[in-house]
Structures are given as C-alpha cells and as structure tokens.
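Going by UniProt numbering, the final residue of the sequence shown carries number 311, and the count climbs one at a time with no gaps. No residue lacks a Cβ here, since even glycine has one placed at the ideal position from N, Cα and C. Note that the coordinates shown come from a computational prediction; the quantities given were computed from them, not determined experimentally. Down below is the structure, laid out as structure tokens.
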Amino acid sequence: MDSPHIVRMEIVEAIAGVMAGLSVLLTIGRFVIRWQKLGRLYWDDILNGVAAVLVVVYIISAFTTYVPYQFELRLWRLGLRDDEPDDTRAQIYNRFQLASVILFWTIIYIVKASFLALYWHLFEVSVRFRVAWWAVAVFIALSYAVTIGLFIWTNECEGLPARIYNTVLALWCGLNVAGGLLLMAVPICMVMTRMLTLQPAQKLGLCLIFLIGMLDLVFDILRTSWALKYSLSYYSNLSGLWTILEPTIAVIVCTLPHYKSIICSSRQREYTSRTPSFSEVSLKQTTPPPEMDNVSPLSLDSQPQQAPVGC
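Put into structure tokens, the structure is as follows:
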C-alpha cells in the first residue's frame with residue numbers, strides 16, 4: 001500500500017460507486033425532464049438508459065469477481081502482500097474477463113448510438129448532413145464489430161506474439177477516439193455552416209460538454225498507454241481506475257445536454273421537441289452536443305508482455 005503506483009482498493013471502490021451512482025441519477029433526471037416536456041421517451045433516451053443499466057452491471061460484476069483478484073495479485077507480485085491469491089479465483093477471473101470486456105465496449109458504443117439517434121432528426125435539415133450521419137454511423141458500427149471481433153479472436157488464439165497484442169490494443173484506442181472525434185465534429189460543422197445558431201451561453205455549454213467528452217477520450221488513451229508499457233501495467237493499478245471512469249463518464253456526458261439550454265429550435269415542429277435544450281430561448285435549429293468517450297483494452301487491465309489467450 002506504500003507504493004506510489006497503487007491506489008487503495010477502498011478508494012477505487014468508492015470512485016466506482018460514486019461514478020456509477022451519478023450516471024444512474026443523471027439518466028433518471030434526463031428521463032424526468034423528457035417525460036415532463038414531451039410525455040414520452042425517444043430512442044436516444046432509451047439507449048442512454050440501457051447504457052446506464054449496463055454500467056451498474058459492469059461495476060457490480062467487476063468488483064465481485066476479477067477486480068479484487070487483480071488487486072491482490074498485483075500487491076503480491078510487488079511484495080506488498082504475503083499470501084499468493086487462490087488459484088481458483090484466477091479461473092473465475094478468466095471466465096469473467098471475456099464478458100467484462102464485451103460489456104465495457106458495449107457501454108461505450110451504446111452511448112455513441114444514443115448521440116447518433118439524437119442527431120438523426122437534427123440532420124433532416126440537409127441531405128448533406130444526413131450523408132454525414134450515415135458515414136459516421138457506419139464507421140462507429142464497424143469499429144464496434146472490429147473491436148469485439150478482435151477481442152474474441154485473441155481470446156481464442158494461443159501463442160500470439162506481443163506485437164500483435166499491442167497492435168490490437170492500439171487499434172481499439174484509435175477506433176474509439178476517431179469515433180468520438182467524428183461525433184463531436186458533426187455539430188461543429190453545423191455551427192460553422194450557420195445551419196445552427198447559438199447564443200454565447202449556449203456555445204459555452206456546448207464547449208463544456210466537448211471538454212468532458214475529450215476527457216473521456218484522454219482516459220482511453222491513458223489506459224491504452226498503461227497497457228502497452230510494462231512498467232505501468234505491472235507496477236500500477238491505475239489502468240483499472242481508467243476502465244471505471246471511461247464508461248461512467250461516457251454515460252454522464254450523454255445526459256448533460258438535457259440539463260442545460262444548449263441548442264434550441266426556432267421551427268415549430270415535432271422534431272423541435274426532441275432537442276436536448278429545454279429553455280424558453282428559441283433559435284434556428286436544434287442539435288445536441290457531442291459525445292464523450294470512449295475506451296479500450298484487450299483485457300481491461302492488461303500487460304503488454306503477455307499474449308492473450310492464444311490460437
């Protein structure tokens with residue numbers, strides 16, 4: 001526990017509980033706002049809710065299975081614990097690793113899907129932006145398929161060289177970051193082309209959400225860097241902290257547009273009611289902000305020198 005690279009398990013558990021609770025509470029608040037304003041929920045709301053539920057499942061499953069084992073094993077390897085963790089717990093860890101990684105990535109990409117669902121109605125103002133929506137949607141869908149496919153492949157293969165393992169980790173990170181940046185770029189393009197008019201306060205709110213979204217992408221890069229560098233992955237448990245913060249922050253960012261007037265529509269249409277902005281201010285077009293996000297690990301707390309289960 002005296003190691004500067006080890007965060008106490010109690011602190012990690014507290015952070016996980018607070019972030020998961022905040023994700024759920026903000027999602028419930030979003031539902032209340034939408035129901036009071038519209039009398040119904042839309043697909044972007046439903047996807048946000050699914051992501052919040054999966055976050056709770058992810059946190060509970062992680063902290064009742066492999067996270068405590070990983071923590072104890074790392075302490076033992078560093079000489080900070082006398083007894084080696086029970087081997088039977090390693091079997092539990094291996095069983096839950098596949099499910100936890102898939103769950104982790106599913107949360108990240110469901111949040112992206114929630115933003116895409118929200119953008120769909122906003123882009124009906126222009127065929128050009130509908131084309132942009134389809135391009136981003138296809139890229140994100142393919143990214144999710146590649147991420148899950150590569151993880152399953154590496155899990156079923158034996159003797160994979162570390163080079164391939166590290167390449168997969170870097171590819172996951174690149175796809176996730178690229179998808180997040182694309183989701184943020186689309187509303188920016190609408191503002192720059194004057195298809196979306198914002199007041200100064202609304203621009204500030206949009207920038208704030210972009211910054212939080214960028215923070216989530218930073219966690220993705222941090223976790224990947226930790227996994228690729230042996231001295232960081234072996235002598236530190238911070239990668240586990242990154243994997244907690246990424247999905248929870250992603251869900252939180254997904255809810256934020258509905259708590260602040262960020263974009264409003266001046267056109268009196270049913271699509272106007274879909275806007276995440278609920279102020280009395282009326283502008284020209286509506287668009288919810290960007291996303292957050294996202295994330296990536298082969299094993300969420302991996303070590304580069306070890307090849308995943310082989311082929």
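query                                                                                                                                                        : result
Between Leu256, Leu116, Gly240, Val253, which has its C-alpha nearest Ile59's C-alpha?                                                                       : Gly240
Please report the residue range of the alpha helix (DSSP H) in which Asp83 lies.                                                                             : Careful: Asp83 lies outside any alpha helix (DSSP H) and carries neither H nor E.
On the DSSP letters alone, give me the boundaries of the alpha helix (DSSP H) that Val32 sits inside.                                                        : 9 to 38
I'd like the span of the alpha helix (DSSP H) that includes Thr64, first residue to last.                                                                    : 43 to 64
Considering only the alpha carbon of each residue, which of Asp44, Arg128, Phe219, Asn155 lies closest to Ala99?                                             : Asn155
Distance, Cα to Cα, Val7 vs Leu73?                                                                                                                           : 14 angstroms
Could you say which of Ala185, Cys173, Glu13, Ser114 lies nearest to Asp216 if we only look at CA atoms?                                                     : Cys173
How would you write the range of the alpha helix (DSSP H) that Phe123 sits in, first residue to last?                                                        : Per DSSP, Phe123 belongs to no alpha helix (DSSP H) and is neither H nor E.
Quick one, are the C-beta atoms of Leu169 and Thr147 less than 8 angstroms apart?                                                                            : no
When the Cα of Leu182 is compared with those of Trp105, Ala51, Phe129, which residue comes out closest?                                                      : Phe129
Would you call the region 133 to 141 and the region 92 to 108 touching, i.e. three or more CB-CB distances under 8 angstroms?                                : no
Taking a contact to mean a Cβ-Cβ separation below 8 angstroms, would you say Ala51 touches Cys189 in this structure?                                         : no
Does the Cβ of Ile11 have 16 or more other Cβ atoms within 10 Å, making it buried, or fewer, making it exposed?                                              : exposed
Would you mind reading off the limits of the alpha helix (DSSP H) that contains Ser239?                                                                      : 238 to 255
Once you ignore the five residues that flank Leu22 on each side, which residues in its own chain have a CB closer than 8 angstroms to its CB?                : Thr248, Ile252
So, are the CB atoms of Val186 and Tyr119 less than 8 angstroms apart?                                                                                       : yes
Could you give the distance in angstroms between the alpha-carbon of Lys37 and the alpha-carbon of Asp45?                                                    : 13 angstroms
Helix, strand or coil for Leu78, going by three-state DSSP, please let me know.                                                                              : coil
Does the beta-carbon distance from Leu47 to Ala117 come in below 8 angstroms?                                                                                : yes
Just to confirm before moving on: does the CB-CB distance between Tyr235 and Leu78 stay below 8 angstroms?                                                   : yes
Are there 16 or more other CB atoms within 10 angstroms of the CB of Thr287, so buried, or fewer, so exposed?                                                : Low confidence applies here, because Thr287 scores a pLDDT of 41, under 50, leaving its location unreliable and the question unanswered by this model.
Considering only residues of the same chain and omitting the five flanking positions on each side of Arg81, which have a CB-CB separation below 8 angstroms? : Glu72, Leu75
Only counting the same chain, and skipping five residues up and downstream in sequence, which positions put a Cβ closer than 8 angstroms to that of Ile92?   : Thr65, Tyr66, Tyr69
Between Leu41 and Val111, what straight-line distance do the alpha-carbon atoms span, to the nearest angstrom?                                               : 16 angstroms
Measure the alpha-carbon distance for Arg30 versus Leu222 and round it to whole angstroms.                                                                   : 30 angstroms
Thinking just about the alpha-carbon of each residue, which of Trp133, Val101, Trp35 is nearest to the one in residue 316?                                   : Nothing in the structure corresponds to residue 316, since the chain is present only between 1 and 311.
Buried or exposed: Ala250, going by 16 or more other Cβ atoms within 10 Å of its Cβ?                                                                         : buried
Can you check which of these residues, Val57, Val127, Gly180, is closest to Val136 by C-alpha distance?                                                      : Gly180
Can you tell me whether DSSP reads Ile6 as helix, strand or coil?                                                                                            : coil
Rounded to the nearest angstrom, what separates Ser225 and Val131 at their Cα positions?                                                                     : 34 angstroms
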